[in-house]
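Data first, discussion second: the structure below is written as structure tokens.
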Amino acid sequence: MRKIINSTYVSLDGVIENPQNWTSAYFDEEAAAYARDLLFSSGALLMGRRTYDGFAEAWPSMEEATGDFGVRMNNLPHYVVSDTLTKPTWNNTTIIKRADTVAEVGRLREEDGQDVLQYGFGPVSRVLAENGLLDELRLWIHPVIVGAGDPSELLTHKDFSASFELAGTTAFASGVLVATYTPAKK
554 MRKIINSTYV
564 SLDGVIENPQ
574 NWTSAYFDEE
584 AAAYARDLLF
594 SSGALLMGRR
604 TYDGFAEAWP
614 SMEEATGDFG
624 VRMNNLPHYV
634 VSDTLTKPTW
644 NNTTIIKRAD
654 TVAEVGRLRE
664 EDGQDVLQYG
674 FGPVSRVLAE
684 NGLLDELRLW
694 IHPVIVGAGD
704 PSELLTHKDF
714 SASFELAGTT
724 AFASGVLVAT
734 YTPAKK
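Counting with this note's numbering, you get residues 554 to 739 for the letters of the sequence shown.
If you want it as structure tokens, here you go:
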């Protein structure tokens with residue numbers, strides 16, 4: 554059985570949107586090595602439509618700049634939850650209809666192989682957490698207050714709650730702390 558692992562950048566004030574605007578100063582060799590290990594220990598990527606659109610636009614042209622990381626990003630199987638995407642542009646993409654999210658992600662989780670990695674925390678992550686399908690939440694807590702963002706750009710969301718237990722931490726010299734959580738035992 555594979556694990557579903559969510560990896561999300563978050564600011565001290567809970568902002569997760571547009572991390573490219575506030576994380577780059579903290580992405581050093583330590584962070585790159587951690588991100589690489591996480592990606593290469595995964596056998597598939599799972600994402601919502603917004604993440605998919607951003608990744609599908611950016612990653613195909615980034616192989617030269619990012620080397621084997623970019624190659625891995627582009628060649629892993631990609632699973633996107635969407636009711637509106639009909640013609641995926643990123644290779645190895647499978648569309649999962651919203652109504653089928655729990656069943657299809659449950660099936661992916663039961664398969665043999667490396668873990669399934671999900672970047673960003675949005676509606677798909679909330680469905681996974683609510684249905685016991687999110688095995689790990691890795692929050693990359695950045696020592697910055699962004700000071701902007703509407704409620705849809707925050708980690709928290711109205712009418713959503715979940716409990717987790719701390720499973721481990723990794724601290725980087727840059728001040729970034731990766732806190733790994735697993736679902737709280739009921």
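Glycine included, every Cβ here is placed at the ideal spot set by N, Cα and C.
Starting from the Cα of residue i, find the closest Cα among the options and give me that residue.
i    : options                : result
R603 : V669, G673, D688, N684 : G673
P736 : Y579, Y562, R691       : R691
V655 : V677, T647, S714       : V677
D665 : A682, G596, A701       : G596
M554 : D668, A701, N645, L687 : D668
S560 : L591, P630, D621, L638 : L591
N574 : D606, A724, G700, R660 : G700
P630 : Y605, I569, S614       : Y605
H615 : R651, W643, E570, F725 : The amino acid occupying residue 615 in the given sequence is Met; His does not appear at that position. Ranking the options by Cα distance to M615, first place goes to W643.
So what does residue i bridge to, in DSSP terms?
i    : result
T735 : E718
E689 : I558
T639 : Answer by DSSP bridge pairing: none, since T639 is not bridged.
G601 : V634
Q671 : N559, L599
T723 : V731
T646 : H631
If you draw a straight line from the alpha carbon of residue i to that of residue j, how long is it in whole angstroms?
i    : j    : result
I649 : D581 : 34 Å
D636 : E718 : 33 Å
E663 : K556 : 9 Å
L670 : I558 : 5 Å
G728 : A715 : 26 Å
M744 : N645 : No answer is possible for residue 744: it lies beyond the span of the chain, which begins at 554 and ends at 739.
I698 : T639 : 38 Å
G601 : S577 : 23 Å
F725 : E570 : 22 Å
Within 10 angstroms of the Cβ of residue i, are there 16 or more other Cβ atoms? Answer buried if so, exposed if not.
i    : result
P513 : What the structure shows of the chain is the stretch from 554 to 739, and residue 513 is not part of that stretch, so it cannot be assessed.
F593 : exposed
A609 : buried
T685 : Checking the sequence, you will find Gly at residue 685 rather than Thr. Classification of G685: exposed, given that the 10 Å Cβ count is below 16.
A584 : buried
A682 : buried
G675 : buried
E617 : exposed
L565 : exposed
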